[in-house]
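The next block holds one structure in the form of structure tokens; read it before the comments.
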Amino acid sequence: MKGFFKSLLASVIGCFIALGIIFLISIVFLAALSSFGSSDKYILKENTVLTIKLEGILSERVEEENPLLAFLGDNTTPGLGLDDVLSSIKKAKENEDIKGIYINAGAFSASNASLKEIRDELIDFKESGKFIISYGDVYTQGCYYLASVADKVILNPQGNLDLHGISVSPMFYKGLLDKVGVQMQIFKVGTFKSAVEPFMLDKMSDANKEQVSSYIGDMWSTITSEISGSRNISVDKLNQITDSLALFKEAKYTLQDGLVDTLMYETGVKDYIKSLLIGVKDVKDLNIASVKDLTIVPFVNPSKSKDIIAVLYAEGSITDGSGKDGITSKRYVKEIEKLKDDEKVKAVVFRVNSPGGSAYASEQIWKAISDLKEKKPVVVSMGDYAASGGYYISCNASKIIAQPNTLTGSIGIFGMFPNVEGLTKKVGLTFDNVKTNKHADFGDLTRPMRDDEKAILQNYIERGYDLFLTRCSDGRGIAKDSLDMIAQGRVWTGNQALKIGLVDGLGDIDTAIEEAAKLAKLDDYSLNSFPKKTDFFESLFNTKKEELTTRAMKEYLGNDYQLFKTIKEIKEQDFIQARMPYDMDIR
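Going by the numbering used here, the sequence shown opens with residue 149, and the numbers climb by one from there.
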């Protein structure tokens with residue numbers, strides 16, 4: 149018997165050791181798989197062409213993909229990080245081994261301000277005298293806006309080019325809520341605060357139509373004027389082409405209209421690029437580098453200065469908590485405090501790309517930025533959105549730089565409290581109540597609010613709006629009554645915001661970095677980005693249930709995932725919000 153237990157124990161120990169060895173081998177295998185053929189092994193060669201494949205969704209930054217997701221059947225097209233795209237174009241300009249850029253247009257989703265940031269970088273690249281070639285089977289409007297800067301714009305002979313203008317079509321939930329017996333009790337300040345409209349109206353208010361018409365008109369003006377300048381086509385003609393539904397025209401008419409330079413199948417594009425390179429006699433001798441390849445390639449003359457300008461990226465909805473999804477108050481306050489206390493950091497560029505969110509969380513980040521500004525300059529660089537709560541966390545910076553088509557402002561606040569009494573009656577549920585004090589049952593969603601409760605809440609919302617106004621008034625140096633006239637929840641473009649004093653200048657993230665260097669009196673500096681990106685092993689060991697669930701929901705729901713996400717955000721957000729509409733879809 150003793151020998152049996154010895155054998156059993158030895159077998160159990162052996163199994164654990166074997167499992168441990170298998171686990172370690174698996175980790176090494178995954179690490180090797182991750183790096184195989186990746187930019188970690190990339191060596192830049194002569195006569196290289198940077199290929200920017202416009203595919204997937206553009207984000208401010210992309211994290212290292214969890215390799216386990218591939219084993220779980222995740223076939224999602226990896227998105228592009230704006231920071232990586234801009235960096236790769238800069239490197240391509242200064243590196244003599246890179247002779248040009250090839251833009252390959254595909255199914256690409258990006259907002260207008262981010263597209264302009266890339267476009268401006270491409271224009272700067274052209275100053276090097278190197279070529280930019282663009283090809284598309286189908287050019288979406290956003291892809292064509294980028295491609296229009298190219299020296300040669302090529303379209304497939306059977307391809308299409310889409311110019312359709314800009315539209316906004318919000319979804320309204322009131323009819324559905326009425327049918328199921330749910331009433332949204334809404335409290336807001338701001339004539340133009342339209343985030344609550346889908347829950348109280350069945351169409352856009354006149355005030356909302358006015359502001360939307362204003363900002364999409366300004367955005368379209370920026371797009372058409374820049375395409376006009378690059379392609380030498382008048383804005384009037386561009387609008388005529390747009391109104392003719394260019395997407396359904398034969399490719400030859402796109403050529404006749406001057407939108408493209410030539411019609412060519414993709415198989416001939418590499419031959420054409422080959423002809424632009426001295427000493428390259430065969431297509432197989434072409435050296436192609438991707439954006440990912442260039443992430444590992446260093447700049448030619450990187451700064452060795454110990455003085456740092458930190459770039460703090462903040463993207464997504466603003467919420468309480470400390471998670472990594474979006475802009476969470478505790479996480480960002482901690483990041484800001486670390487930058488404040490780091491003596492090597494001489495200035496901070498706060499890159500904000502947010503439609504807002506929790507008013508309380510916005511106040512916490514505002515306070516952290518205010519404390520940071522007392523020790524070193526803080527320059528805000530606005531991305532696609534820096535509105536409502538996104539503007540709240542920006543307003544006290546030393547300087548604010550926006551893109552012409554950034555959406556900003558939306559200085560307003562609202563609260564929504566559902567009353568599900570009608571729903572409970574429909575399903576046969578009834579409730580009773582006994583309480584010790586008048587408001588002991590406040591927050592009971594199975595009854596409508598009383599008038600005295602509504603008055604208390606409206607007063608609370610108005611105090612929140614007054615605080616928001618105060619923060620913006622103090623930060624921007626605008627009298628509160630004057631600010632109130634341009635606030636009221638109204639959304640402005642960066643162009644419009646500059647005229648009314650909500651921002652200090654127009655430009656990209658480089659403009660903001662240059663401004664930060666001036667304020668900090670730095671001639672030489674290094675750039676560091678925060679929060680730090682997740683590396684391979686962190687992504688491997690941090691597989692979250694939420695991440696896997698999100699992937700599964702996207703796969704299952706397809707285009708309906710956005711509606712699911714909207715409902716989920718409404719459910720999880722604070723009742724008191726400083727944010728733009730949940731389903732802002734500018735097409």
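In this text, a Cβ means the ideal position worked out from N, Cα and C, and glycines have one as well. Note that the coordinates shown come from a computational prediction; the quantities given were computed from them, not determined experimentally.
Check                                                                                                                                                                          : Outcome
Write down every uninterrupted run of the alpha helix (DSSP H) in the segment 463–529 whose length is 4 residues or greater and which is fully enclosed by it, in chain order. : 477–489, 507–521
Who are residue 566's beta bridge partners in DSSP?                                                                                                                            : 332
Residue range of the alpha helix (DSSP H) that residue 346 falls in?                                                                                                           : 345–348
Could you tell me if residue 346 is buried or exposed, where buried requires 16 or more neighbouring beta carbons within 10 angstroms of its beta carbon?                      : buried
Buried or exposed, going by whether 16 or more other CB atoms sit within 10 Å of the CB of residue 577?                                                                        : exposed
Could you tell me which residues DSSP puts in a beta bridge with residue 110?                                                                                                  : A question about residue 110 goes unanswered here, because the residues of the chain that appear run from 149 up to 735.
Who are the Cβ neighbours of residue 424 in its own chain at under 7 angstroms, not counting the five residues just before and after it?                                       : 248, 279
Tell me, to the nearest whole angstrom, how far the beta carbon of residue 411 is from that of residue 399; I am working on the premise that it is less than 8 angstroms.      : 5 angstroms
Check residue 407 in the structure and name its three-state DSSP category.                                                                                                     : coil
Which residues does DSSP list as the beta-bridge partners of residue 438?                                                                                                      : 199
How long is the line joining the alpha carbons of residue 614 and residue 620, rounded to whole angstroms?                                                                     : 10 angstroms
Helix or strand or just coil, what does DSSP make of residue 324?                                                                                                              : helix
Helix, strand or coil: how does DSSP classify residue 295 here?                                                                                                                : helix
Shortest alpha-carbon distance to residue 377 belongs to which of 538, 431, 351, 293?                                                                                          : 293
For residue 190, does the three-state DSSP call read helix, strand or coil?                                                                                                    : coil
What first and last residue would you give for the beta strand (DSSP E) that runs through residue 303?                                                                         : 300–309
How is the beta strand (DSSP E) around residue 249 delimited, first residue to last?                                                                                           : 246–257
Using three-state DSSP, classify residue 635 as helix, strand or coil.                                                                                                         : coil
Do you know offhand how far residue 220's Cα is from residue 673's?                                                                                                            : For residue 220, the pLDDT reaches just 48, beneath the cut-off of 50, and the residue's location in the model is therefore unreliable, leaving the point undetermined.
With a 10 Å radius around its C-beta and 16 neighbouring C-beta atoms as the bar for buried, classify residue 636 as buried or exposed.                                        : buried
Helix, strand or coil for residue 546? Go by DSSP, reduced to three states.                                                                                                    : coil
Smallest Cα separation from residue 659: which of 265, 373, 383, 260?                                                                                                          : 265
Residue range of the alpha helix (DSSP H) that residue 577 falls in?                                                                                                           : From DSSP, residue 577 is part of no alpha helix (DSSP H); its letter is neither H nor E.
For residue 653, which residues in the same chain have their Cβ closer than 6 angstroms to its Cβ, ignoring the five residues on either side in sequence?                      : 549
At the level of alpha carbons, what is the spacing between residue 242 and residue 557?                                                                                        : 37 angstroms
Quick check: what's the CA-CA separation for residue 200 versus residue 339?                                                                                                   : 43 angstroms
So is residue 623 buried or exposed if we call it buried at 16+ other beta carbons inside 10 Å?                                                                                : buried
DSSP three-state call for residue 551: helix, strand or coil?                                                                                                                  : coil
Would you kindly work out how many angstroms separate the C-alpha atoms of residue 498 and residue 462, rounded to a whole number?                                             : 7 angstroms
Go to residue 678, then tell me how far its alpha helix (DSSP H) extends in each direction, as first and last residue.                                                         : Segment 674–678 is the beta strand (DSSP E) holding residue 678; no alpha helix (DSSP H) there.
Quick check: the segment 248–259 against the segment 275–290, are at least 3 beta-carbon pairs closer than 8 angstroms?                                                        : yes
Using 8 angstroms as the Cβ pair cut-off and three pairs as the minimum, do the segment 355–372 and the segment 308–319 touch?                                                 : yes
Taking the alpha helix (DSSP H) that residue 540 belongs to, which residues open and close that run?                                                                           : 537–540
Going by alpha carbons, who is nearest to residue 255 out of 261, 300, 308?                                                                                                    : 308
DSSP beta-bridge partners for residue 660?                                                                                                                                     : Answer is none; residue 660 lacks a bridge partner.
Buried or exposed for residue 267, going by 16 or more other Cβ atoms inside 10 Å?                                                                                             : buried
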